[in-house]
DNA sequence: GTTAGCAGTCGGAGCGATTGAGTGCTAGCA
DNA sequence: TGCTAGCACTCAATCGCTCCGACTGCTAAC
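Residue numbers (my numbering), protein chains in the order written: chain L, 6 to 353; chain R, 6 to 353.
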C-alpha cells in the first residue's frame, strides 16, 4: 500500500466494490468488464485483479470464485465518495425527511429519536443518535419548594430545562426561613456551574460552619445531580436494530445475537461513537474486529449548533453497505436538523 | 377432550412433556418406559400414545419419529404443576434473589427493572414487568413555581411522586397574586382526582367566567397530564430479550426477528400481559398463533400491595420451557417483592 | 501490453444407497 | 381382556458420488 495504485487499478477496485455492494456476491472479471470497462478484455482485468489480490485489496473465497473486497478496498472506495460528493437523495426521500420533521418537537430527546428513526428508515440500516449534553449543562438556579408533610421538592433549573424528580424530607419541618437560607446556600455553591465542573470538584471544601447545618439538603442535591449525570451522561437512541438481521451477513443467530447485544447496550454504543474523531466531519470505520461488531461498517457524522457539537449520528451496517446513500442522508440531515434546532431556539 | 383421561394416560403424558422439556427431541415410547414406567413395556406405551395422538394431545413429526406434545398436553402439564405446587428453588437461587434486592431501590421503575432482571437471570428466559399505575394515580396538589423571565414551572404532585417537567410562559408576567389565584383554581379542578377520572370527564364544563382567565395555564396543565398518561400508561420493562435466541425454537433469523419485534414494542407487551385474566394468580398461555409470538408460552403473575394489583410480571419462553422453575421463581418473587415494597412504604 | 482460448479448480446441486431410530401390527401368553 | 415380544415397515438424516458451471490462471499469438 506504500505505492499509489494505477488509475486502472483504482477504477477496477471501485467497480468491484460497487458491484459487490449491489449483489453481495463475489465479483468476476467478466462482471466488471460488462458494466464498467468494455474497452479491455476480462483477461486483462483478471491480471489486474490478481495484482490487487497480492496487494491485499481483494480476496478470493476459493480458487474458482470471483473476488471480494477487503477493508483497504472499502476505505479507498469511501475516500472516493467523499471526494466526489455524496449521492444525492431522491425527491421522495427528501420529502419524506421533511415531513417527518414537520411536527414540532420540543424535547431534545424527541428530536434525537425522530432523527434516528428517519435515518434508519431512509437508509434501511441500524442507526443511532447521541446527544452530547453531558457535562455542559449549566445550573441556573436551585429552588426548594415546600410540600405538605415536612417534605421539600428540590428543583434544579438548568439551561436545558429542569431536573426535578426528587422529594426529600427535612427534619426541621418546613419553616419558611429555614428553606430560604438553605436555598441561598445551595445557589452560592451550585449556581452558574456546569455539571461537568462539579464532578471534578472537592465540594466538601465549600462547606463551612454555616452551611454545615444544611448538610442533608446539600447531600440530597448532590445526589440528584449525580443521578442525573449517570442517567443522562450521553443520551443514546438506537433505531432499527432489527434491520441488520435482514442482511445475509447477519443471517446466523450467533452473530445476530452478538450484534444485538452490543447495540442494545447504550454504553457500548456511546463508546463506538466516541471513537469517531472530532476533527473530521464524516468518519467511516470498517470492520472493528473486537467489540462484537466486526463485519460492520460504522459511519458517523457530527451535528453542530453554532460551534458546538450537540449530537452525533451514526449508521451501522454490513461492510458492503450503500455508502453513497448513507453519507448522502447524513449530509442532508445536517440541514434538516439544523432547521429544526434553530426553530427550537427561536421558540424559547 | 370431553372425557377424563385414564390415570395411566395422564402419567404418560406428564412423562412425555417432562422429557420433551428436558431434551427438546421427540420422545419415544422407550424413553418414557426407561425413565418413568418400568412396570409396563414400551409396546403398551406405544398403544397409549397412539390413543393420545388420536385425542389430539401429541403429534408425530413423521412416521418413524417419537411423539411431541401439543398445546393440550402442555396445559394439562401446567395444571398438574399448579396443583402439586411449584418447584422449590435451590438455596443458591433464593440467595441470589435476596442479594439482588439488597440495595435499596426507591424509584418504582428501578424496582420493576430489577425484578425483571432477576426473573430473567434465574430462569434464563425473557422476562417482563409491568407496573400498572395507569389511571389510579391521585393528584394531590398542583403547584406553580415562578422562575425567572416570566416562566412558571408547573408541578403536579401525586401520591406516586411528582410529574414536573414542564415550564410554561405566562403572558401576565409572574405577579404573585395572579399565580396564587391560578393555583387555587387549578386545585379546585384537579386536586383529589385520579388521572383515570380526568380522562373520561368533560373538563370544559368546569370552567366558568372566573377560571376562564387562566385558560392557557389550565390547558397547559391538562396537556402535561395527558402527556404523562401517554408515556406512563403502563410502565413496561423487558429483560433478557436476547436469551430467547439461545433456544433452538428460535434458531432461525426470521422467527427471531419476529419475536424481537414484538418484544421490543412495549405496547404489544402491555397487551400480552393485559390478556392475563385478573381472577387467576398464575396465567399460562401457550402458543398464541397471532401476534408473532406463536411457539411461545407466557406465564404471568400478579403482584399486590394490600389489595391492589401493582404490577404484573411475566416470563416468555419456548413452549417447552421449564414451567416448574418459572412458576417457582415467580412465586418466590412474590415474597421478595412484597418485602421490598413494604420496606419502601415504611420509608415514606 | 493485450487478448483469445483452453485446461484446471472447486463449490454446490442432485441423486441414490445406507443407516438407524422408532413405530404399528400381530400372534401368543397370563 | 390386557399385556408383551418380535418383526416388518417407514422415513429423516447422512454420506458419498457424480455432474455442472462459474471462474480463474496460463500460454501462445497478435
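Even for Gly, the Cβ is constructed at its ideal location relative to N, Cα and C.
Supposed close pair residue i, residue j - CB separation, criterion 8 Å
i: residue 61 (chain L); j: residue 74 (chain L); result: In fact, because the Cβ distance is near 11 Å, the residues do not count as touching under 8 Å.
i: residue 114 (chain R); j: residue 53 (chain R); result: 51 Å between Cβ atoms; not a contact.
i: residue 28 (chain R); j: residue 322 (chain R); result: Not really, about 16 Å apart at Cβ, beyond 8 Å.
i: residue 150 (chain R); j: residue 148 (chain L); result: 6 Å
i: residue 37 (chain L); j: residue 20 (chain L); result: 5 Å
i: residue 265 (chain R); j: residue 305 (chain R); result: The Cβ separation is near 20 Å, so there is no contact.
i: residue 155 (chain R); j: residue 330 (chain R); result: About 60 Å; that fails the 8 Å criterion.
i: residue 116 (chain L); j: residue 267 (chain L); result: Contact flag wrong, Cβ pair sits at about 25 Å.
i: residue 16 (chain R); j: residue 42 (chain R); result: 7 Å
DSSP three-state assignment for residue i, whether helix, strand or coil
i: residue 4 (chain R); result: As shown, chain R starts at 6 and ends at 353. That puts residue 4 (chain R) outside it, with no answer to give.
i: residue 233 (chain L); result: helix
i: residue 322 (chain R); result: strand
i: residue 48 (chain R); result: helix
i: residue 37 (chain R); result: helix
i: residue 151 (chain L); result: strand
i: residue 224 (chain R); result: helix
i: residue 11 (chain R); result: coil
i: residue 302 (chain L); result: strand
i: residue 23 (chain L); result: helix
i: residue 355 (chain L); result: Only positions 6 to 353 of chain L appear in this structure, which leaves residue 355 (chain L) out of reach.
i: residue 242 (chain R); result: strand
i: residue 316 (chain R); result: strand
i: residue 194 (chain R); result: helix
i: residue 307 (chain R); result: strand
i: residue 290 (chain L); result: strand
i: residue 331 (chain R); result: helix
i: residue 274 (chain R); result: helix
7 Å Cβ cutoff met for residue i and residue j
i: residue 159 (chain R); j: residue 243 (chain R); result: no
i: residue 325 (chain R); j: residue 86 (chain R); result: no
i: residue 157 (chain R); j: residue 328 (chain R); result: no
i: residue 261 (chain L); j: residue 255 (chain L); result: yes
i: residue 241 (chain L); j: residue 194 (chain L); result: no
i: residue 143 (chain L); j: residue 199 (chain L); result: yes
i: residue 94 (chain L); j: residue 316 (chain L); result: no
i: residue 102 (chain R); j: residue 341 (chain R); result: yes
i: residue 146 (chain L); j: residue 162 (chain L); result: yes
i: residue 63 (chain L); j: residue 72 (chain L); result: yes
i: residue 105 (chain R); j: residue 124 (chain R); result: no
i: residue 70 (chain L); j: residue 31 (chain L); result: yes
i: residue 258 (chain R); j: residue 250 (chain L); result: yes
i: residue 133 (chain L); j: residue 120 (chain L); result: no
Cβ neighbour criterion (16 or more within 10 Å) applied to residue i
i: residue 319 (chain R); result: buried
i: residue 298 (chain L); result: buried
i: residue 314 (chain L); result: exposed
i: residue 231 (chain L); result: exposed
i: residue 89 (chain L); result: exposed
i: residue 128 (chain L); result: buried
i: residue 284 (chain L); result: For residue 284 (chain L), the predicted structure reports a pLDDT of 45, less than 50, and the residue's modelled location is therefore unreliable. A value from the coordinates is still provided. Burial call: exposed.
i: residue 290 (chain L); result: buried
i: residue 307 (chain L); result: buried
i: residue 11 (chain L); result: exposed
i: residue 171 (chain R); result: buried
i: residue 34 (chain R); result: buried
i: residue 136 (chain L); result: buried
i: residue 100 (chain L); result: exposed
i: residue 302 (chain R); result: buried
i: residue 39 (chain R); result: exposed
Contact test: residue i Cβ vs the ligand ADP heavy atom, cutoff 6 Å
i: residue 37 (chain L); result: For the ligand ADP, the structure offers nothing, since it holds no ligand at all.
| query | Going along the chain, which unbroken runs of the alpha helix (DSSP H) with 4 or more residues stay wholly within the region 54-135 of chain R? | reply | Under the rule that a run must span 4 or more residues, the alpha helix (DSSP H) segments found entirely inside the region 54-135 of chain R read 76-89, 96-105 and 113-128.
| query | In chain order, which continuous runs of the alpha helix (DSSP H) of length 4 or greater are located wholly inside the region 242-271 of chain L? | reply | If one requires a minimum length of 4 residues, the alpha helix (DSSP H) runs lying completely within the region 242-271 of chain L are 258-269, in chain order.
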